[in-house]
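Here the structure comes first, spelled out in structure tokens, and everything after it is commentary.
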Ligand SMILES: Nc1ncnc2c1ncn2[C@@H]1O[C@H](COP(=O)(O)OP(=O)(O)O)[C@@H](O)[C@H]1O
Ligand SMILES: Nc1ncnc2c1ncn2[C@@H]1O[C@H](COP(=O)(O)OP(=O)(O)O)[C@@H](O)[C@H]1O
């Protein structure tokens, strides 16, 4: 078995950026990785990490085809070219799988077309994902390309959870239902919980709180997702860096009527100028924490609203599940902001939910329990790793297809 | 004390209808009452109840001034004219008090103007409320007119609950925050809970589920409202007869972009063609129950979505309160649909919430406990009476102002 047979290039293509990692699926590490930004702008930027060294590029990156060539060049510059044999597959993060896609799929022209067709549901994401796939197919002929969908884990939601209470014909015609996002993270983290606790996934109920720039919550019964906070789009649910999360539909009618906003203005308001940014002026949680520490009143309200919303979802999912065994924090805020974790859990002691102050304060990148011994609900912190999950899913699919025996889950 | 000093005429004026009751605030009964419908249409209809008799009128009712005259005539026809001395006050249900109004107020021209000015926040309701008030002021000169606001009980919501996570300048400019509605009902019912249980209101936490054509939930800590499901408008929250309740804001952007809908079409869709009607084809709960009993698949999904949403709010408010002592069902569905109450509570046993099947099945118009003896959470059914609450609030204000001693709360 050559080195390349257990390496997967994971690509996450946005409209003006491209993130990538070359991942060793056996030991679970990122061999190399990088970020290409400002694609299509006058001056683009790319940075690449390999073996502790960082190389970079500044200059015009007119399109995704150029971005892929620059990525290849940065691999060459670092002394580790991305030849075809260097990897067993390319795994692509695809935001919206609609009702069509669940499990990871090998991408051919038909699948690529279907991913593009789902753009009506994810106008910002799917076209960029498809373009990235197209360029990777051209750049790495013969390497299997695998799509891993952000919506896939939530395909198991029951009708009571995925159905919005709107006119059924309109919903059917416009494909309006709850799909959920961040699925790869929720699935990865809930699986890790079972492994770390040494309990069969089937035996217990979980709530996962993915708190990053985007943020979402999920309710998982015996490993199966039964509810999640994001909906038709990634705008619903928790308060995020720049997104509003839940909002009275009537407030949107009101904004359209009296706020002088059209649909694009509304989209920009709710997706890019709301959330923590809209309430406090900053979208990054570290900046928010600094403002709160300095006594800023708006930032304090923003933090209160943020935590209140999360508490409501914890309670809602407690009711949906009829009881919860494990609640897990993950992603940038969830993994790092101990004070926020403590604040969220304050007042939930009566429901069996609490964190141990000393355990919660430990800074670590390891999975860990932060609730007191013997607490009715186990509270954990588990670092998420969507790229690793995508790499493993891609490797597993490829080995299944090929009938070979790459161990994707060591 | 003449009979009139403890009677209040309660008026609820809609855009094309007017409901009224003459209420005895001492014994809490409706002496007379009626409904005037299809105001402004070719043929209007009015019906009036008094002492067990019903009289009616069919014919053109071009405007609210005519409606008030017809109401007066129906009182005359029934042998009990509505002279000035027949009542101590007129109490008006006003939907939106905005940030301006909390407690009931005596209406003068300035207050009337302010109620009209709040129409931007409640374009369907406040203009009609104001027109009704204006006509009542003209018809009953010298009788104090009192406005009781549907939003008042929720003025105590903390910022964490009333703040939407959108751009703060936009929110301030457009007065966008959670106001809450059905406040008179939530306040009345939560007060009755304390009376019926013989416990001081201050001592315990409640969740009230008002399930009628409109539907809302509230979390009440020691008698003080701390959360509620309706928001800037009565569209947010639970699934209702024709209203969607909660919906991904992104779904609205999607509908605007691909559904061929403008703001009025969207308003009609979400307020009048969604909810139970949108999912099942019927908006009335009895019709829905019939369809479910006949095995209709869409109706069954509608009922599942309806109950699931309520369960999520119960859980959310459990977390907001940190624990709940009493959960109360009220309004048409909540008071009457025993099977729905049972269905909602199914699966919540692990949270200490359940109904006793025999107690739940009893049909009664009395306040009652339906949870088993010794259950951690007391579940109740309490008939709401918004008209009585408005009448008492009006009488109390008038007697306070006059310095007289009408006992509004026997
Ligand atoms: N030490 C920290 N304390 C508080 N917040 C942190 C810390 N480290 C990262 N964050 C926050 O995590 C968020 C980004 O999370 P991440 O999971 O990387 O986001 P994304 O959704 O883009 O993947 C930012 O708001 C950042 O401020
Ligand atoms: N016996 C019953 N069983 C089930 N639902 C009922 C029953 N009686 C009334 N309802 C329902 O209650 C709803 C109306 O509730 P109500 O409180 O009168 O509404 P509103 O919000 O207009 O005040 C309707 O959906 C009606 O079908």
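Protein chains in written order, with our numbering: chain A, 69 to 478; chain B, 69 to 478.
Ideal placement from N, C-alpha and C gives every residue a C-beta, glycine not left out.
- When Cβ atoms are compared, which residues of the segment 377-398 of chain A fall closer than 8 Å to chain B? Close to chain B, meaning a Cβ-Cβ distance shorter than 8 Å, are the following residues of the segment 377-398 of chain A: 377, 379, 380, 381, 382, 383, 384, 385, 386, 387, 388, 390, 391.
- Query: Should residue 462 of chain A be labelled buried (16 or more other beta-carbon atoms within 10 Å of its own) or exposed?
  - Reply: Residue mapping note: residue 462 of chain A aligns to position 394 of the first chain, counting from 1. It is buried - the Cβ of residue 462 of chain A has at least 16 other Cβ atoms within 10 Å.
- Query: Should residue 352 of chain A be listed as close to ligand 1, given that the test is whether its C-beta is under 7 Å from any heavy atom?
  - Reply: Translated into the one-based positions of the first chain, residue 352 of chain A becomes position 284. Under cutoff, so the answer is yes.
- Message: Using C-beta distances below 6 Å, list every residue in its chain close to residue 447 of chain A, excluding the 5 sequence neighbours before and after it, in chain order.
- Response: Residue 447 of chain A sits at position 379 when you count from the first residue of the first chain. Excluding sequence neighbours, residue 447 of chain A sits near 395, 423, 438, 439.
- Do we get a CB-CB distance below 8 Å when we pair residue 236 of chain B with the residues of chain A? The residue you call residue 236 of chain B lines up with position 168 of the second chain. It does: the Cβ of residue 236 of chain B has a partner Cβ on chain A nearer than 8 Å.
- Message: Please state whether the Cβ-Cβ distance between residue 73 of chain A and residue 156 of chain A is less than 8 Å.
- Response: By 1-based counting over the first chain, the position of residue 73 of chain A is 5. By 1-based counting over the first chain, the position of residue 156 of chain A is 88. A contact, by the Cβ cut-off of 8 Å.
- Query: Relative to ligand 2, is the shortest distance from any of its heavy atoms to the C-beta of residue 282 of chain B smaller than 7 Å?
  - Reply: Here the question's residue 282 of chain B lines up with position 214 in the second chain. Correct: residue 282 of chain B has its Cβ closer than 7 Å to ligand 2.
- Query: What are the uninterrupted segments assigned as alpha helix (DSSP H) that are 4 or more residues long and contained completely in the segment 234-303 of chain A, given in chain order?
  - Reply: The DSSP assignment places 236-241, 251-265 as complete runs of the alpha helix (DSSP H) inside the segment 234-303 of chain A, in order along the chain (cut-off: 4 residues).
- Message: Could you compute how far the alpha carbon of residue 458 of chain B sits from the alpha carbon of residue 414 of chain A?
- Response: For the purposes of this step, residue 458 of chain B is identified with residue 390 of the second chain, where counting begins at 1. For the purposes of this step, residue 414 of chain A is identified with residue 346 of the first chain, where counting begins at 1. Roughly 38 Å separates the two Cα atoms.
- Task: Using beta-carbon positions only, say whether residue 306 of chain B and residue 283 of chain B come within less than 8 Å of one another.
- Result: For the purposes of this step, residue 306 of chain B is identified with residue 238 of the second chain, where counting begins at 1. For the purposes of this step, residue 283 of chain B is identified with residue 215 of the second chain, where counting begins at 1. Using a Cβ distance threshold of 8 Å, residue 306 of chain B and residue 283 of chain B count as a contacting pair.
- Query: Which partner residues of residue 216 of chain B appear in the DSSP bridge assignment?
  - Reply: Locating residue 216 of chain B in the second chain gives position 148, where the first residue counts as 1. The partner list for residue 216 of chain B (beta bridge, DSSP) reads B/161.
- Query: Hey, does residue 509 of chain B have any beta-carbon neighbour from chain A nearer than 8 Å?
  - Reply: Any question about residue 509 of chain B goes unanswered here, given that chain B covers just 69 to 478.
- Task: Could you pull the start and end residues of the alpha helix (DSSP H) that residue 118 of chain B belongs to?
- Result: Along the second chain, read from residue 1 onward, the residue named residue 118 of chain B stands at position 50. Here residue 118 of chain B belongs to no alpha helix (DSSP H); instead the beta strand (DSSP E) covers 112-118.
- Does the segment 308-320 of chain B come close enough to the segment 201-208 of chain A to have 3 or more Cβ pairs within less than 8 Å? Contact check between the segment 308-320 of chain B and the segment 201-208 of chain A: fewer than three CB pairs, one atom from each, fall below 8 Å, which does not count as touching.
- Task: List the endpoints of the continuous beta strand (DSSP E) containing residue 109 of chain A.
- Result: As a first step, residue 109 of chain A must be located in the first chain, where it is residue number 41. Going by DSSP, residue 109 of chain A is part of no beta strand (DSSP E) at all; its letter is neither H nor E.
- Task: Flag this pair as yes or no: are the beta carbons of residue 428 of chain A and residue 406 of chain A separated by less than 8 Å?
- Result: Here residue 428 of chain A refers to the residue found at position 360 when the first chain is read from its first residue. Here residue 406 of chain A refers to the residue found at position 338 when the first chain is read from its first residue. In this structure, residue 406 of chain A lies closer than 8 Å to residue 428 of chain A by Cβ.
- Message: Going by beta-carbon coordinates alone, are residue 254 of chain A and residue 216 of chain A separated by less than 8 Å?
- Response: Here the question's residue 254 of chain A lines up with position 186 in the first chain. Here the question's residue 216 of chain A lines up with position 148 in the first chain. No.
- Message: In the DSSP output, what is residue 100 of chain B paired with across the bridge?
- Response: The residue given as residue 100 of chain B occupies position 32 in the second chain. Paired residue(s): B/90, B/118.
- Pick from A/269, A/303, A/165, A/343: whose alpha carbon is nearest that of residue 234 of chain B? Here residue 234 of chain B refers to the residue found at position 166 of the second chain. Residue 234 of chain B has its Cα closest to that of A/343, out of A/269, A/303, A/165, A/343.
- Per DSSP, residue 124 of chain B forms a beta bridge with which residues? Here residue 124 of chain B refers to the residue found at position 56 when the second chain is read from its first residue. The partner list for residue 124 of chain B (beta bridge, DSSP) reads B/115.
- Message: Between which residues of its own chain and residue 350 of chain A is the CB-CB distance below 6 Å, once the five residues before and five after are set aside?
- Response: Position 282 of the first chain holds residue 350 of chain A. Cβ neighbours of residue 350 of chain A within its own chain (closer than 6 Å, five residues either side excluded): 356.
- Query: What in chain B is Cβ-close to residue 341 of chain A, meaning under 7 Å?
  - Reply: Residue mapping note: residue 341 of chain A aligns to position 273 of the first chain, counting from 1. Below the 7 Å Cβ cutoff, chain B contributes 235 as neighbours of residue 341 of chain A, in chain order.
- Inter-residue Cα distance where the pair is residue 387 of chain A and residue 179 of chain B: Along the first chain, read from residue 1 onward, the residue named residue 387 of chain A stands at position 319. Along the second chain, read from residue 1 onward, the residue named residue 179 of chain B stands at position 111. So the two alpha carbons sit approximately 43 Å from each other.
- Does ligand 2 have even one heavy atom less than 7 Å from the beta-carbon of residue 216 of chain B? Numbered from 1 along the second chain, position 148 holds the residue referred to as residue 216 of chain B. No - ligand 2 has no heavy atom lying nearer than 7 Å to the Cβ of residue 216 of chain B.
- Is there at least one non-hydrogen atom of ligand 1 closer than 7 Å to the beta-carbon of residue 309 of chain A? Mapped onto the first chain, residue 309 of chain A falls at position 241. Residue 309 of chain A Cβ: within cutoff of ligand 1.
- Does residue 325 of chain B have its Cβ less than 8 Å from a Cβ in chain A? Here residue 325 of chain B corresponds to residue number 257 of the second chain, with the count starting at 1. Taking Cβ atoms only, chain A reaches closer than 8 Å to residue 325 of chain B, which makes this a yes.
- Message: Between the alpha carbons of residue 288 of chain B and residue 115 of chain A, how many angstroms are there, rounded?
- Response: Counted from its first residue, the second chain places residue 288 of chain B at position 220. Counted from its first residue, the first chain places residue 115 of chain A at position 47. In a straight line, the C-alpha of residue 288 of chain B is about 53 Å away from that of residue 115 of chain A.
- Beta-carbon proximity list for residue 374 of chain B, same chain, < 7 Å, skipping 5 on both sides: The residue you call residue 374 of chain B lines up with position 306 of the second chain. Counting only Cβ-Cβ distances below 7 Å, and skipping sequence neighbours, we find 307, 344.
- Message: Is the beta carbon of residue 360 of chain A closer than 8 Å to that of residue 371 of chain A?
- Response: Taking the first chain and counting its residues from 1, the one referred to as residue 371 of chain A is at position 303. Taking the first chain and counting its residues from 1, the one referred to as residue 360 of chain A is at position 292. In this structure, residue 360 of chain A lies closer than 8 Å to residue 371 of chain A by Cβ.
- Are residue 170 of chain A and residue 220 of chain A touching if we call contact CB-CB under 8 Å? In the first chain, counting from the first residue as 1, residue 170 of chain A sits at position 102. In the first chain, counting from the first residue as 1, residue 220 of chain A sits at position 152. A contact, by the Cβ cut-off of 8 Å.
- Message: Please confirm whether residue 520 of chain B has its beta-carbon closer than 8 Å to some beta-carbon of chain A.
- Response: Missing from the structure shown is residue 520 of chain B; chain B here goes from 69 to 478 and no further.
- In its own chain, which residues sit with a C-beta less than 8 Å from the C-beta of residue 477 of chain A, not counting the 5 before and 5 after it? In the first chain, residue 477 of chain A corresponds to position 409, counting from 1. Note on residue 477 of chain A: pLDDT 42, under 50, position unreliable in the model; the coordinate value appears next. Non-local beta-carbon contacts of residue 477 of chain A in its own chain, meaning distances under 8 Å to residues more than five positions away in sequence, involve 460, 464 in chain order.
- Can you give the Cα-Cα distance for residue 189 of chain B and residue 231 of chain B, rounded to whole angstroms? Taking the first residue of the second chain as position 1, residue 189 of chain B is located at position 121. Taking the first residue of the second chain as position 1, residue 231 of chain B is located at position 163. Each residue's alpha carbon lies about 16 Å from the other.
- Which residue comes first and which comes last in the alpha helix (DSSP H) that contains residue 413 of chain B? Here residue 413 of chain B is taken as the residue at index 345 of the second chain, counted from 1. Residue range 406-413 is occupied by the alpha helix (DSSP H) that includes residue 413 of chain B.
- Message: Would residue 69 of chain A pass as an interface residue toward chain B - the criterion being a Cβ-Cβ separation below 8 Å?
- Response: Residue mapping note: residue 69 of chain A aligns to position 1 of the first chain, counting from 1. With a pLDDT of only 46 at residue 69 of chain A, under the threshold of 50, the placement of this residue in the model should not be trusted; the figure read from the coordinates follows. Residue 69 of chain A does not count as touching chain B.
- So what's residue 81 of chain A in DSSP terms, helix, strand or just coil? The residue given as residue 81 of chain A occupies position 13 in the first chain. If DSSP states are grouped into helix, strand and coil, residue 81 of chain A belongs with the strands.
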